[in-house]
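Heads up, the thing below is written out as structure tokens.
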Amino acid sequence: MADQLEVLKRLQAIDGELFRLRRQQQEKPEELERAVAQVAAQEAQLKAAEARLKALQVAQKEKEVELATREANVKKLQGQLFQLKTNKEYTAMQREIDTLKADNSLLEEAILRAFDEIDQAVKERQQAQEWFANEQERLRAERARIERELAAIDGELAQLERSRQALLPEVAPSALATYERILDIREGLAMVPLVSESCGGCHRRLPPQVINQVYLKADLITCETCNRILYVDETHPAL
Ligand SMILES: [Zn+2]
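Each step along the sequence shown adds one to the number in our numbering, with nothing skipped, and position 45 is 210.
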């Protein structure tokens with residue numbers, strides 16, 4: 166059984182890597198999804214900035230049209246001034262014209278203020294465009310990186326699978342069945358060393374007779390708590 170334990174330890178080294186790489190393989194697309202979500206969020210901000218600018222421009226256009234109409238009205242009244250017969254009528258119309266002109270200058274001021282707001286909105290849209298472009302560039306780079314890493318993982322997995330297949334004939338079928346069952350349940354870690362007088366997997370303290378059996382190497386000895394196969398780590402005997 167001692168040589169079987171050695172083969173199983175080599176198999177565990179390979180399987181540990183296989184589990185680690187397969188987990189990475191599953192996590193990579195999630196990294197990409199996060200980058201995609203950031204681009205979408207930035208695009209939404211850009212759309213909002215564009216909509217705000219558009220609304221300001223439309224409102225500004227409406228104010229300008231209104232001002233032109235009002236100014237035409239003032240001109241029309243000014244033309245009528247000289248057709249009036251009495252001073253009283255003249256004064257009344259002059260007063261009306263003055264009031265309209267005062268309203269118009271308020272509107273002109275509002276138009277000038279709105280130009281500043283539009284300038285600011287243009288700057289904000291430009292900023293949002295830059296951020297969006299940056300996120301898109303980042304996504305492109307992330308996609309390329311992730312594809313590169315996935316290809317590397319595929320290569321490593323294929324190589325590990327070949328090493329695994331080459332090792333399998335050296336393991337007795339019953340030992341392999343036990344090992345693989347634990348490997349599956351314990352997500353890639355079926356073989357653990359003794360650490361002091363405890364299990365290297367779940368860290369539970371082991372009874373002396375279990376430790377003795379592990380040292381004897383006459384059988385596959387498993388931890389009563391986590392079911393992992395126990396072995397003596399000869400490279401770290403002090404542990
Ligand atoms: Zn254990």
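Just so it is clear, CB atoms sit at the ideal spot from N, CA and C, and this is done for glycine as well.
Note to self: Quick test of the definition: if touching needs 3 or more C-beta pairs under 8 Å, does the region 234-244 touch the region 323-339?
What the structure shows: Short answer: they don't touch.
Margin query: Tell me the rounded alpha-carbon separation between E182 and I311.
Written below: One-based indexing of the sequence shown puts residue 182 at position 17. One-based indexing of the sequence shown puts residue 311 at position 146. Spanning the two alpha carbons is a distance of roughly 19 Å.
Next item on the list: Could you tell me which residues DSSP pairs with H370 in its beta bridges?
Entry: Here residue 370 refers to the residue found at position 205 when the sequence shown is read from its first residue. Note that residue 370 corresponds to Arg in the displayed sequence, not to His. The partner list for R370 (beta bridge, DSSP) reads S363.
Next item on the list: Please work out which residues of its chain come closer than 8 Å, Cβ to Cβ, to G366, disregarding the five sequence neighbours upstream and downstream, and give them in chain order.
Entry: Here residue 366 refers to the residue found at position 201 when the sequence shown is read from its first residue. Answer for G366: R351, L354, V357, C388, C391 and R393, listed in chain order.
Note to self: Taking 7 Å as the limit, name every residue whose beta carbon sits nearer than that to some heavy atom of ligand 1, in sequence order.
What the structure shows: V357, C364, G366, C367, R369, C388, T390, C391 and R393
Checklist line | Rounded Cβ spacing between L348 and L395 (contact assumed at less than 8 Å) | finding: On the sequence shown, position 183 is the one that residue 348 refers to. On the sequence shown, position 230 is the one that residue 395 refers to. Between L395 and L348 the Cβ distance is about 15 Å, and since that is not below 8 Å, they are no contact.
Next item on the list: Going by CA-CA distance only, name the one from A317, A286 and L277 that's closest to R187.
Entry: What you label residue 187 is simply residue 22 of the sequence shown in a count that begins at 1. Closest option to R187, Cα to Cα, is A317.
Next item on the list: Mind checking which residues open and close the alpha helix (DSSP H) that includes I318?
Entry: The residue you call residue 318 lines up with position 153 of the sequence shown. N252 to L332 is the extent of the alpha helix (DSSP H) around I318.
Next item on the list: Express the C-alpha separation of W296 and E208 in angstroms, rounding to a whole number.
Entry: Position 43 of the sequence shown holds residue 208. Position 131 of the sequence shown holds residue 296. For E208 and W296, the distance between alpha carbons rounds to 9 Å.
Notebook entry, point to check: Nearest-angstrom Cα distance between V239 and Q222?
Noted result: By one-based count along the sequence shown, residue 239 stands at place 74. By one-based count along the sequence shown, residue 222 stands at place 57. Answer to the nearest angstrom: the Cα atoms are 26 Å apart.
Checklist line | Assigned secondary structure, L395 (DSSP; H/G/I helix, E/B strand, else coil) | finding: As a working mapping, residue 395 is identified with position 230 in the sequence shown. L395 falls in the strand class under three-state DSSP.
Notebook entry, point to check: Considering A213, what are the terminal residues of the alpha helix (DSSP H) in which it resides?
Noted result: The residue you call residue 213 lines up with position 48 of the sequence shown. A213 -> alpha helix (DSSP H) spans A167 to L246.
Check: What residues match up with P358 in a beta bridge as DSSP calls it?
Finding: To locate residue 358, count along the sequence shown from 1; it is residue 193. Answer is Y396.
Next item on the list: Within 10 angstroms of the Cβ of E300, are there 16 or more other Cβ atoms? Answer buried if so, exposed if not.
Entry: One-based indexing of the sequence shown puts residue 300 at position 135. E300 should be labelled buried.
Note to self: I'd like to check one pair, Y344 with L173: are the Cβ atoms closer than 7 Å?
What the structure shows: Position 8 of the sequence shown, counting from 1, holds the residue named residue 173. Position 179 of the sequence shown, counting from 1, holds the residue named residue 344. Against a cut-off of 7 Å, the Cβ pair of Y344 and L173 comes out as a contact.
Note to self: Can you tell me whether V379 is buried or exposed? The criterion is at least 16 other CB atoms within 10 Å of its CB, across all chains shown.
What the structure shows: Against the sequence shown, residue 379 aligns to sequence position 214. Buried: at least 16 other Cβ atoms inside 10 Å.
Notebook entry, point to check: Are the beta-carbon atoms of V197 and L232 separated by less than 7 Å?
Noted result: Your numbering for residue 197 matches position 32 in the sequence shown. Your numbering for residue 232 matches position 67 in the sequence shown. Per the sequence presented here, residue 197 reads as Leu, with Val not at that position. Contact: no.
Item checked: alpha helix (DSSP H) segment containing A349, residue limits -> Residue mapping note: residue 349 aligns to position 184 of the sequence shown, counting from 1. Note on residue identity: the sequence assigns Asp, not Ala, to residue 349. D349 -> alpha helix (DSSP H) spans P338 to I350.
Next item on the list: Quickly, what does DSSP pair T390 with across the bridge? List them, please.
Entry: Locating residue 390 in the sequence shown gives position 225, where the first residue counts as 1. Looking at the DSSP assignment, T390 forms no beta bridge with any residue, so it has no partner.
Check: Do R329 and I179 have their C-beta atoms within less than 7 Å of each other?
Finding: The residue labelled residue 329 in the question sits at position 164 within the sequence shown. The residue labelled residue 179 in the question sits at position 14 within the sequence shown. In this structure, I179 lies closer than 7 Å to R329 by Cβ.
Next item on the list: For L333, count neighbouring Cβ atoms within 10 angstroms of its own Cβ and tell me buried if that reaches 16, exposed if not.
Entry: Sequence index remark: in the sequence shown, residue 333 carries index 168 (1-based). So L333 ends up on the exposed side.
Check: Would DSSP call L385 helix, strand or coil?
Finding: The sequence position of residue 385 within the sequence shown is 220, counting from 1. It is coil, neither helix nor strand.
Check: Leaving out five residues before and five after R175 in sequence, what residues of the same chain have Cβ atoms less than 8 Å from its Cβ?
Finding: To locate residue 175, count along the sequence shown from 1; it is residue 10. Once the five neighbours on either side are set aside, the close Cβ partners of R175 are L332.
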